[in-house]
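Numbering (the working numbering), first residue to last: 1 to 396.
Reviewing the structure listed below.
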């Protein structure tokens, strides 16, 4: 069975941060930013395949490649920014799970956050014991629940295709839409998924010999394409659901408000399914995020902290944020904006590595792929510069 690693990485693309960013965008601006998700998902397919290709050809993860090529000060600096990105990721995922449990069972947010963390520890136990295939199957099952949960509302209240198509025209409408676009990009192209994918294929296949490598690369391309098509449809579906059913409804710029509006407009059953999708998203993505953080630390610092120990430690900041009463959806949106700032630090080293004959041998990227990689990196960096400028100006 050659499929699986990309579906685990794809969970990072449908985490609770996506829910917050996409629902906020749809509820406030209708179909305006559909094009952002389409573009981001196309970029994600390209980027995740490059990560998988690096792992298959070299037998090393991206953090390991960086760890071998960077001097100690650079490795430490790179690790610090990667850990900040991982912390933002974990915040979004734990908060999302807590919100879901609050919506479904009226549990306090702090109790929900603790439960989300405990369940993620159970899921990670499979990976920690070397049962990666079991871990992959559980995560893929949760991805299925996520897809059904977030797309069910579109079946009950389908949008007008022409209105959705109108959102494919690239444009903004003021400074806040740029901030939202950055949040959506940060929620769609996830830095920790870029680091992790190369580790997933490394653990699954090791360094492939010349006879197996072409077959594995073809299978990986298929794996990535289908996994991210599913993730992309979920993301676009969330925005379209909000734009179609929640646009202009007061209070829908929070997940709780959006859930209440879903129940009011589409019924209790759709509300429950939506809540289950959000819960599955939080549980799956926080497990994958912790796994990624462990691989980043191991590759860059050559320090192997037990996965379950790391999960317990990294849970603490998220619990503190929940305990002090930060507005959950606002925390999610800003965590995604921080993730967006971290994307260039992942994709630029990845593209440099996959374009290097010294690293990749005869599988190094050709001119066309290098140009495409440059364009993607430039687009991401420009959007992030705009995000930083707007934030500094106090806009959004």
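Built from N, CA and C at the ideal position, the CB exists for glycine as well.
Only a predicted model underlies this, so the values are computations on that prediction, with no experimental measurement involved.
- In this structure, the straight-line span from the alpha carbon of residue 313 to that of residue 102 is close to 24 Å.
- Assigned with DSSP and collapsed to three states, residue 65 falls in helix.
- For residue 386 and residue 209, the gap between their C-alpha atoms comes out near 44 Å.
- Residue 327 has its alpha-carbon roughly 29 Å from the corresponding atom of residue 38.
- Cβ neighbours of residue 5 within its own chain (closer than 8 Å, five residues either side excluded): 52, 136, 197, 200, 201, 204, 220, 223.
- Around residue 115, the same chain offers 101 as residues with beta carbons nearer than 7 Å, after the five sequence neighbours per side are excluded.
- In the structure shown, residue 211 falls within a coil segment according to DSSP collapsed to helix, strand and coil.
- Taking one beta carbon from each stretch, the stretch 254-269 and the stretch 40-49 have fewer than 3 pairs nearer than 8 Å; the two do not touch.
- Proximity of the stretch 9-25 to the stretch 152-169 falls short of the contact definition, fewer than three beta-carbon pairs being nearer than 8 Å.
- Rounded to the nearest whole angstrom, the C-alpha separation of residue 317 and residue 212 is 43 Å.
- Residue 105 is classed as exposed because its beta carbon has fewer than 16 other beta carbons within 10 Å across all chains shown.
- For residue 256, the enclosing alpha helix (DSSP H) starts and ends at 255-266.
- Around the beta carbon of residue 75, 16 or more other beta carbons lie within 10 angstroms, which makes this residue buried.
- Residue 133 counts as exposed, since fewer than 16 other beta carbons sit within 10 angstroms of its beta carbon.
- Contiguous alpha helix (DSSP H) elements confined to the stretch 163-199 occur at 175-188, taking only those with 4 or more residues.
- Your pair residue 274 and residue 143 does not check out as a contact, with CB atoms roughly 16 Å apart and the cut at 8 Å.
- Selection 311, 278, 281 evaluated against residue 292 yields 311 as nearest (Cα-Cα).
- Inclusion of residue 122 and residue 286 in the CB contact set at 8 Å is not warranted, their separation being larger than that value.
- Excluding its 5 nearest sequence neighbours in each direction, residue 217 has C-beta neighbours in its own chain below 7 Å: 53, 56, listed in chain order.
- DSSP places residue 232 within a helical segment (H, G or I) once states are collapsed to three.
- The three-state secondary structure of residue 360, taken from DSSP, is helix.
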